[in-house]
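Each residue of the sequence shown is one higher than the one before, starting from 214 at the first, in this note's numbering.
Note that the Cβ used here is the ideal one computed from N, Cα and C, for glycine as well.
From a predicted model like this one, the values you see are computed outputs, not experimental measurements.
Some notes on the structure that comes next.
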Amino acid sequence: MTETTQEFKPVLEGRAFISERLARSEPSREQSTFHALNILARELTVKLQHDIDTERLVELTETGIARWMAQRDELNELSESRLSQSYGLVNHFSDDAVIFWWRRRPFYSPSKKQLEFREELECTIPHEVTLEPLLNVFSQISSYFQADYSYTYNLTLRNLHGRAMRGYERALAKRPPEEHRRFLKPDPYEGVTDNLPPLLLSDEFDRLRVPDGVWWINYWSPLQVETVGIERIRTANWARLIELPNGGATLAVTEEAFDVTNPAHMARLGEIVEHLQLRQLQEHYRIQRD
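Encoded structure:
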């Protein structure tokens, strides 16, 4: 059989701050959104006040945000996918707009064998924003939100650590040979050497206890810090390490924005992942499936 291949070419990827937690009642979605918008306004100098769908101006108070979300809920009642919720705000309507989301998504927990919900804060990051304000964003929003983890999302980096090929091989293993040609085999990214330590896929282990990986900027919850070990974290080659009052930590790999085509950045990231023994921890907390 001739293998189908897919070529990935890195471009100047959009950056985003993402903070996730298992759904809980406190702080509420209104409180979390209000607090996050205030931090983003101060640190990124953006006023996120327009509904992304209706372009309606939203009053940036807890009362105004609660009213806006209630109105969005009424619209969502007409939607077929009421299990998922999303509320988006934007500073202006143009190509370089900054977008903020509060989301609630269902997911199947293989360890508990039941449907659960995850809540998420996400904000796109303009390329000109430097590390210092982002460290404040990560530390303050994640702590208040009681996040399980936060990170700067990068699509290319997510597919490294051998994960793209691992996902491809796992997909093939679940299908009969005659269907294999439907799956695209991932080719290496142009200009990127994936010499990073291999890691498990994110659904193969307990992400609440063990970090999914190491991104440019990371927030780890008190539970993750405890699992990895504070001394091991302190002795890793971070550009920045902030130990937070709640027992969590904010961590940055490089001072400048992480670049997967920069060999020095990749070498430093690989060194940190090896030092933290992330693969061993992921294996220790691997989810057992039937």
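In this structure, Ile430 lies near Thr365, with their beta-carbon atoms less than 8 Å apart. For the 8 Å CB-CB criterion, Leu302 and Leu261 form a contact. Burial is judged here by how many other beta carbons sit within 10 angstroms of a residue's own beta carbon; Asp286 has fewer than 16 and is exposed. Rounded to whole angstroms, the Cβ separation of Ala462 and Glu456 is 5 Å, and the two are in contact under 8 Å. Glu335 counts as buried, since at least 16 other C-beta atoms from the protein chains shown sit within 10 angstroms of its C-beta.
Look at Ser415 here: in three-state DSSP terms it is coil, with no helix or strand label.
Inside the segment 406-461, DSSP marks whole beta strand (DSSP E) runs of 3 or more residues at positions 430-433, 453-456, from first to last along the chain. Taking Leu421 as reference, the option from Leu482, Tyr362, Leu454 with the minimal CA-CA separation is Tyr362. Note that the C-beta distance between Gln298 and Arg316 is below 8 Å. With a cut-off of 8 Å on Cβ pairs, the segment 230-240 is not in contact with the segment 267-279, counting fewer than three such pairs. Rounded to whole angstroms, Val423 and Val486 show a C-alpha spacing of 12 Å. Taken through DSSP and simplified to helix, strand or coil, Phe306 comes out as coil.
Exclusion of the five residues before and after Leu270 leaves Gln262, His263 as the residues of its chain whose Cβ lies within less than 7 Å of its Cβ.
Secondary structure in the segment 262-293: the alpha helix (DSSP H) runs of 4 residues or longer, each lying completely within the stretch, are 275-289 in chain order. Buried is the label assigned to Thr246, since at least 16 other Cβ atoms lie within 10 Å of its Cβ. In the structure shown, the three-state DSSP call for Ile312 is strand. Remark: C-beta atoms of Ala470 and Ile354 do not approach each other more closely than 8 Å. The Cβ-Cβ distance between Leu296 and Pro323 does not fall below 8 Å.
Going by DSSP, Gln359 is part of no beta strand (DSSP E) at all; its letter is neither H nor E. Uninterrupted alpha helix (DSSP H) stretches at least 4 residues long and entirely within the segment 466-500 occur at 476-489, 491-497, given in chain order. Distance between Leu409 and Arg502, taken at the CA atoms: about 27 Å. Restricting attention to Glu329, Arg242, Pro390, Thr343, the CA atom closest to the CA of Glu256 is found in Thr343.
With a 10 Å radius around the Cβ and a threshold of 16 neighbouring Cβ atoms, Asn372 comes out buried. Within the DSSP secondary-structure output, Ile252 pairs in no beta bridge. With respect to Leu412, Gly426 sits close: the two C-beta atoms are nearer than 8 Å. Per DSSP, reduced to three states, the secondary structure at Glu345 is helical. Beta-bridge partners of Leu334 (DSSP): Ser232, Trp315.
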